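Numbering (our numbering), first residue to last: -1 to 110.
Note that CB positions come from ideal geometry on N, CA and C, so glycine has one too.
Given the structure is predicted, the values throughout are model-derived calculations rather than measurements.
Here it is, written out as structure tokens:
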């Protein structure tokens, strides 16, 4: 038997699964996770402990910014895509469980 949170999840995921699959939505929601990866790298670059990093910053600053943006975008989309896949798997498992319960209930009703 499905619990109430499982039923609520099925309803929620039926309503939001298409919206959550879109690239723009995944990017928008996942940006904070991408920043969590990039901020320590930026702090490391500007801390001054490695002199060669300062030379890279001054000579190739634009390339560094582009690489930071690419890291943010990749991590944001990848993490949200993984989250979507996990929710989709849970949704399909719950639907299979619900279908199995319905078949069992119908069989018991016909036997009586």
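Going by beta-carbon coordinates alone, are residue i and residue j separated by less than 8 Å?
i: residue 82; j: residue 19; result: yes
i: residue 91; j: residue 15; result: no
i: residue 32; j: residue 70; result: yes
Mind checking residue i: buried by the 16 CB within 10 Å criterion, or exposed?
i: residue 46; result: exposed
i: residue 39; result: exposed
i: residue 24; result: buried
i: residue 13; result: exposed
i: residue 41; result: exposed
i: residue 74; result: buried
i: residue 28; result: buried
What would DSSP say about residue i, mapped onto helix, strand or coil?
i: residue 196; result: Examination of residue 196 is not possible in this model, given that the chain is present from -1 through 110 alone.
i: residue 103; result: helix
i: residue 1; result: coil
i: residue 89; result: helix
i: residue 95; result: helix
i: residue 47; result: coil
i: residue 19; result: helix
i: residue 59; result: helix
In angstroms with no decimal places, state the Cα-to-Cα distance between residue i and residue j.
i: residue 55; j: residue 2; result: 54 Å
i: residue 77; j: residue 50; result: 32 Å
i: residue 109; j: residue 103; result: 10 Å
i: residue 7; j: residue 88; result: 9 Å
i: residue 66; j: residue 58; result: 12 Å
Is residue i near the ligand COA, judged by its Cβ being under 7 Å from some heavy atom?
i: residue 22; result: Ligands in the displayed structure: none, and consequently the ligand COA is not present.
Less than 8 Å between the CB atoms is what I'm expecting for residue i and residue j, so what's the real figure, rounded?
i: residue 0; j: residue 95; result: 7 Å
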